[in-house]
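Each remark here refers to the structure printed beneath this line.
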Ligand code: ATP
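Numbering (the numbering used here), first residue to last: 3 to 300.
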């Protein structure tokens, strides 16, 4: 289990991370959210042992993260770090050796991963000859080839097409099943929403929301109703507990204060011809905007 306890980091007088604590259990995918400059990269660097915090502790399975323990961590950072003149094979041997693996082990694992990502043919190609998406897959393989206990993924899906996103997601689920703890950061809320059971939102280095996505959604009482039919905006707006009505391509989105408003809306529209009436939880994006008090800076 990864334990981050009360870490604080100043750059000069600038407070980048402010008394941050969280835990990621084995086999858990944890989402770290925050707008630009919120402190995510600084937190990752502290966890990876690349940066010292001014206060606080980080431990992995009870041990303080030092030089030896970094072999148990894998990371895909925002700044991609492949050596583009090397071939895929040379690159993976390089990273694997850095993590203490033998060449035989590396080649065995490499073939499994290349097959999984359907890029076996690129084994002896130079990195610079690969597409951006395939380079990203190699970056990912380099991060996991040594089967880390903790995997840090900073925006791993940027620039990938939907098929490659899915391939990468499947690979991440596979690692999760093997017990790897995964911290995942993305500006794309739908990825976090789909992917992370538990999450934390940082604003200016401070935690503004933390918990299981399910609980966060439950506690946030507002809901949305989607209606298709011969209704009109005005009659919906007049219902008590309706906060906002918008119409997009003949579908009304009705924001309500809480679930108790649903029967009132239903009653009001029952005299109209309705083809759709669906009550949904708010999106994470909506909750983020409500909590952070501004639009998410993607
Ligand atoms: P982004 O989403 O843009 O990557 P982030 O959440 O990763 O942002 P950080 O890069 O951790 O945020 O930055 C947190 C704060 O610390 C910002 O105010 C940033 O300007 C500052 N900061 C980051 N690195 C340094 C540094 N090396 N020296 C001084 N200040 C820094």
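The beta carbon of each residue, even a glycine, is placed where N, CA and C say it ideally should be.
Just so we're clear, the structure is a prediction, and the values are computed from it rather than from any experiment.
Cβ shell of residue i (< 8 Å), same chain only, five flanking positions each side left out
i, result
"residue 258", "224, 225, 226, 227, 243, 244, 245, 264 and 267"
"residue 289", "211, 218, 219 and 222"
"residue 25", "3, 4, 5 and 6"
"residue 179", "29"
"residue 260", "223, 224, 225 and 243"
"residue 99", "105 and 108"
"residue 55", "9, 10, 11, 19 and 48"
"residue 298", "Confidence in residue 298 is poor, its pLDDT being 46 and thus under 50, which makes the residue's placement unreliable; the coordinate value appears in the next sentence. Only 37, 189, 191, 287, 290 and 291 meet the Cβ criterion."
Three-state class that DSSP yields for residue i in the structure shown
i, result
"residue 294", "helix"
"residue 301", "Nothing can be reported for residue 301: it is not among the residues displayed for the chain, which extend from 3 to 300."
"residue 253", "strand"
"residue 215", "helix"
"residue 46", "helix"
"residue 7", "strand"
"residue 113", "helix"
"residue 137", "helix"
"residue 62", "strand"
"residue 170", "helix"
"residue 246", "strand"
"residue 177", "helix"
"residue 270", "helix"
"residue 142", "helix"
"residue 31", "strand"
"residue 86", "coil"
Any non-hydrogen atom of ligand 1 within 7 Å of residue i CB
i, result
"residue 33", "no"
"residue 43", "yes"
"residue 13", "yes"
"residue 18", "yes"
"residue 98", "no"
"residue 36", "yes"
Cβ neighbours of residue i in the same chain (closer than 7 Å, five flanking residues each side left out)
i, result
"residue 210", "203, 293 and 294"
"residue 234", "none"
"residue 237", "270"
"residue 23", "6, 7 and 8"
"residue 20", "10, 207 and 208"
"residue 281", "225, 227 and 264"
"residue 130", "86 and 87"
"residue 193", "159"
"residue 41", "18, 19, 204 and 207"
"residue 13", "none"
"residue 118", "173"
Cutoff 8 Å: residue i Cβ touching any chain B Cβ
i, result
"residue 194", "Reference to chain B is not applicable here, since this structure consists of a single protein chain."
Limits of the unbroken beta strand (DSSP E) element including residue i
i, result
"residue 163", "It is not in any beta strand (DSSP E) - residue 163 carries neither H nor E in the DSSP assignment."
"residue 278", "276-282"
"residue 40", "It is not in any beta strand (DSSP E) - residue 40 carries neither H nor E in the DSSP assignment."
"residue 186", "183-187"
"residue 154", "152-156"
"residue 25", "16-26"
"residue 227", "225-231"
"residue 202", "200-205"
"residue 51", "From DSSP, residue 51 is part of no beta strand (DSSP E); its letter is neither H nor E."
Same chain, Cβ closer than 6 Å to residue i, five either side skipped, listed in chain order
i, result
"residue 92", "none"
"residue 274", "231, 232 and 233"
"residue 300", "Unreliable placement is indicated for residue 300, whose pLDDT of 41 sits below 50; the coordinate value is still reported in the next sentence. 189."
Enclosing alpha helix (DSSP H) for residue i [first to last residue]
i, result
"residue 237", "235-239"
"residue 99", "90-100"
"residue 119", "Counting along the chain, residue 119 falls outside any alpha helix (DSSP H), and DSSP gives it neither H nor E."
"residue 194", "191-197"
Cβ-heavy atom distance, residue i to ligand 2, below 7 Å
i, result
"residue 39", "This structure lacks ligand 2; the ligands present are ligand 1."
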